[in-house]
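Right, one structure below, let's go through it.
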DNA sequence: TTCTAGATCGATCGATTGATCTAGTGTGAA
DNA sequence: TTCACACTAGATCAATCGATCGATCTAGAA
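Residue numbers (our numbering), protein chains in the order written: chain A, 589 to 783; chain B, 589 to 783.
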């Protein structure tokens, strides 16, 4: 084996692009095979079945996202500084994981029960990371929200929605939108002081 | 014709449930026909093709949502009162349009170019409604955001995400989560006054 | 050199897909 | 009564689906 896992990686990469573009159900295994120049059989050999290919993609992306978010937010600083770093890193990473995120949110209903559970687990880990930070902020006082869970959902909504509407080819730069989105979130969880 | 549009409505209703559950591509016209007890031909007679059925569902729901949001937010009050009413009505309506909203966001990539454009138009109308209110708030002063457009996207992210994570069978009541979500949004756009 | 495991191939399977065609119904206007 | 038309059913179409098959190739162990 001169190039270990070469075919496997090529298949996963092609599938990522096609799934993101046409959806899981909208992409056939023949499309994927044709895009790589390989035969259909390779998909079954390397991933078991079509869903195995999807799950492999989601697993890789999810683990990378969670790991990098943990690393970025675990650096020293005040709770608010660490939280801000978490949000900004999340926005930044999502930008690079556009396709993976699209698959993540769009194709979950086409998964088997086991696949769905695995997918849900990844989402819950991100949610829990936010909850921990929000709990720390709550204990430090000066926050608006009552429920860290709802606040975490709200933040994920804003961050993930940014992934949906932001277009690099548009007028606004990523830095500009990222700053504005972060501000919105920080104000969203902060107590407004009456003058 | 004893029951005008009876079959048409039944088809649309069955399709709504199936599309929301299994997705557009994951639902066959045979599934829809079987669910209504009618034959496949009815779908083609009433809606032209499978996509026509989907577009009819989206059109009805979108027009109703936009109309009710405009009505609710056009009632008298201060800019902030009217905006708050907009958000709360949106949350309330989304609750009743769960299935339609799911289809709306999940199946847009399976549409033809014309269908995609129509879908995009509906989304833009909602966005513009928010932008108008945010612009009024900006002119009235005391807001945090620089860009009403980004602020509108952020709000839509939070509202639409609520649709995704809220489960009626869960511990938190709709009123509870709705209040918390509205608070988050109002703080998100408000200027924080330094003490 | 022989044996084995993994990788890859092309052919093919039965099932299902969206769509079309033909052949009727029933109803209301002329 | 006749005619036109909206509506419906059922058979059928070509295309495509995910999956599996046996065969072949290659690299390294024994």
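All C-beta atoms, glycine included, are put in the ideal place defined by N, C-alpha and C.
Computed from a prediction, not measured in an experiment: that's the story for all the values here.
- Buried is the label assigned to residue 642 of chain B, since at least 16 other Cβ atoms lie within 10 Å of its Cβ.
- Taking all protein chains shown into account, residue 633 of chain A has fewer than 16 neighbouring C-beta atoms within 10 Å of its C-beta and is therefore exposed.
- In this structure, residue 661 of chain A lies away from residue 710 of chain A, with their beta-carbon atoms at least 8 Å apart.
- DSSP places residue 668 of chain A inside the alpha helix (DSSP H), whose first and last residues are 667-684.
- Within chain B, the residues 735, 738, 741 have their CB atoms less than 9 Å from the CB of residue 765 of chain A, given in chain order.
- Partner residues in a beta bridge of residue 747 of chain B, as assigned by DSSP, do not exist.
- Residue environment: residue 745 of chain A is assigned as buried (16 or more neighbouring CB atoms within 10 Å of its CB, all protein chains considered).
- For residue 611 of chain A, the neighbours in chain B by C-beta distance under 7 Å run, in chain order, 613, 697, 698.
- Cβ atoms of residue 739 of chain B and residue 772 of chain A come within 8 Å of each other, at about 7 Å.
- With respect to residue 667 of chain B, residue 725 of chain B sits close: the two C-beta atoms are nearer than 8 Å.
- For residue 635 of chain B and residue 644 of chain B, the gap between their C-alpha atoms comes out near 8 Å.
- Any Cβ of chain B closer than 8 Å to the Cβ of residue 771 of chain A would place that residue at the interface, and such an atom is present.
- With a beta-carbon spacing of about 16 Å, residue 729 of chain B and residue 775 of chain A fall beyond the 8 Å limit used to define contacts.
- Chain B has a Cβ within less than 8 Å of the Cβ of residue 768 of chain A.
- Straight-line spacing of the CA atoms in residue 652 of chain B and residue 706 of chain B works out to 15 Å.
- Taking CB atoms only, residue 746 of chain A has a neighbour in chain B less than 8 Å away.
- Against residue 694 of chain A, the close residues of chain B are 694, in the order they occur along the chain (beta-carbon pairs closer than 7 Å).
- One Cα belongs to residue 594 of chain B, the other to residue 627 of chain B, and the distance between them is close to 14 Å.
- Look at the stretch 592-657 of chain B and you find these whole runs of alpha helix (DSSP H), each 4 residues long or longer: 594-610, 617-624, 628-635.
- In this chain, the alpha helix (DSSP H) harbouring residue 775 of chain B covers 762-777.
- Of the residues B:647, B:605, B:617, B:733, the one whose Cα lies closest to the Cα of residue 703 of chain B is B:647.
- The C-beta of residue 736 of chain B has 16 or more other C-beta atoms within 10 Å across all chains shown, which makes the residue buried.
- For a cut-off of 8 Å, the C-beta gap from residue 697 of chain B to residue 611 of chain A is around 6 Å, short enough to register as a contact.
- Nearest CB-CB separation between residue 605 of chain B and chain A: not below the 8 Å threshold.
- Identification of chain B residues near residue 732 of chain A by a Cβ-Cβ cut-off of 9 Å yields 771, 772, 775, ordered along the chain.
- A distance below 8 Å separates the beta carbons of residue 689 of chain B and residue 682 of chain B.
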